[in-house]
Every structure is written in C-alpha cells, then in structure tokens.
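See below for the structure under consideration.
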Amino acid sequence: MTDSHTAEEATVTFAGDRERSEFTRVEVLRGGFVRLSREASNRVEILPRRKIERIVFHE
C-alpha cells in the first residue's frame, strides 16, 4: 500500500478518454482511490484509480 499524494493542481486523463481535465486538487488515496475536486464548482469526486489513465501533478 502506498502513501497518499496530494497536489494543488493536476491534469487527469480518464481511461478510454482522449480528453484531459484540470483539477485544482487531486489526492491519491490508499486503497486504490483518487479524490478529485475543482475549486470553481465546489464538487468532489472519489473514483477508483483504474478509471484514471494518467495524472500529471503540477508542483
């Protein structure tokens, strides 16, 4: 099990999708999940890591 990793900004590519999405906060959680949020919408999503192809952290 890996430690969680949090970034204030990241670009996420979803599995099976060529589009990229920008998130203001991305946190890779233990247990194979990722928490995604956008500051503008105050919306938080928690998805299984397998649904995400790539995360590029902007640190």
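Take the sequence shown: its position 40, counted from the start at 1, is 40 in the UniProt record's numbering, and no numbers get skipped. Just so you know, even glycine gets a beta-carbon here, dropped at the ideal spot from N, CA and C.
Same chain, Cβ closer than 7 Å to residue 60, neighbours up to 5 away in sequence not counted: This structure cannot settle anything about residue 60, because the visible part of the chain is limited to 1 through 59.
What is the DSSP secondary structure of residue 30, counted as helix, strand or coil? As a working mapping, residue 30 is identified with position 30 in the sequence shown. The three-state reading of DSSP puts residue 30 in coil, since its state is none of H, G, I, E or B.
For residue 20, the three-state DSSP class (helix, strand or coil): Translated into the one-based positions of the sequence shown, residue 20 becomes position 20. Strand, per DSSP.
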